[in-house]
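Under the numbering used here, think of the first position of the sequence shown as 14, with each following residue one higher.
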Amino acid sequence: MKKIINKKLNGFTLIESLVSIVIVSSISFSMFFAFYQLQRNLVNEDYKSDMINYGNRVLDDMEEEISKSYQLVKINQSLNNTTIELYFNNTQKKIKYLISLENGVKKNDGESNRYTPIDIYIPKDDEDRYKYKITNFEINQPTLTSGSVFSYEANMARFASYEINLEIDLYNYPNEQVVETLQFNRRIFSPAKYIYNVKTNNA
């Protein structure tokens, strides 16, 4: 009489192995994709945070100097460059700002002929893709709204004030598409200019 012995081998069949590989691959791909998206979002948030800080620091510096000056002269050198010259009482020194859409805002404090950046501004990454870019800078006297009637003193205060508008485009990493425009608005009053205008009746 023959003795039949059945042996069972533990393991996976070919189909089970293929299914396992597909599942692991899908999970791995999903994790890598999620990590990539997270990295992109973090980079974009870093760009935004840098430019919010940059815009505020630039306007803080300009506000401090403009508030002490009695005269401001704006020179539009080109579509991309604007120069602001500030004059002060009791000194021949003048402070100048160069606002460049390509190179950011630079300042000349009157001690030399050199312009130095107010803060770090590197608009392109290592692969020459835009991260951010200044797209607009305007400085004007506050405008009158329709129907506004001001007293002489109020008009003198308005003539001694400025409105600054700064716009910075943020680009999506790594597609280099504009995803958001940061807008900075600042109204600045210059007591020195107000006093100068009152003394000279220069409103």
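Every residue gets a Cβ at the ideal spot worked out from N, C-alpha and C, and that includes glycine.
Could you check the C-alpha separation between residue i and residue j for me, to the nearest Å?
i, j, result
"Y100", "L55", "43 Å"
"T194", "Y175", "22 Å"
"Y186", "K146", "14 Å"
"Y184", "N57", "8 Å"
"P204", "F172", "11 Å"
"K144", "K137", "5 Å"
"V192", "R142", "14 Å"
"S33", "Y60", "41 Å"
"E224", "Q190", "The chain is shown from 14 up to 216; residue 224 falls before or after that span and cannot be answered."
"L157", "M169", "13 Å"
"N69", "E151", "15 Å"
"K212", "K106", "22 Å"
"N102", "S125", "19 Å"
"Y155", "A167", "For the sequence presented, residue 155 should be read as Pro rather than Tyr. Using only the alpha carbons, I get a separation of about 12 Å."
"S39", "R127", "58 Å"
"V37", "L31", "10 Å"
"I28", "V35", "11 Å"
For residue i, tell me which candidate among the options has the shortest Cα-Cα distance.
i, options, result
"I201", "S80, S38, I131, D63", "S80"
"N93", "K119, N66, N149", "N149"
"N188", "S33, N126, R53", "R53"
"T95", "Q84, L111, Q105, N103", "L111"
"T104", "I88, N89, Q84, E140", "Q84"
"V71", "I177, V86, N168, N126", "I177"
"D63", "V35, Q190, I181", "I181"
"Q90", "L179, S113, F197, D139", "S113"
"D122", "N153, S82, I152, Q154", "S82"
"N66", "I88, L179, Q154, I40", "L179"
"D73", "R199, K206, I208", "R199"
"I97", "S38, N153, G68, A170", "N153"
"M75", "N214, F197, Y165", "F197"
"Y165", "K206, N214, I108, S125", "N214"
"K87", "V211, N102, I108, T156", "I108"
"E78", "N210, V211, K206", "K206"
Less than 7 Å separating the Cβ of residue i from some heavy atom of the ligand SAH?
i, result
"L195", "Of ligands this structure carries none, so the ligand SAH is not represented either."
Taking the runs of the beta strand (DSSP E) that are 3 residues or longer, which of them lie wholly in the stretch 123 to 208?
Complete beta strand (DSSP E) runs here, min 3: 145 to 153, 174 to 185, 190 to 202.
Taking only runs that begin and end inside the stretch 39 to 127, name each unbroken beta strand (DSSP E) of 3 or more residues, in chain order.
84 to 89, 94 to 100, 107 to 113, 117 to 121
Could you tell me whether the stretch 112 to 123 touches the stretch 132 to 140, where touching means 3 or more Cβ pairs closer than 8 Å?
Contact holds: three or more Cβ-Cβ distances are below 8 Å.
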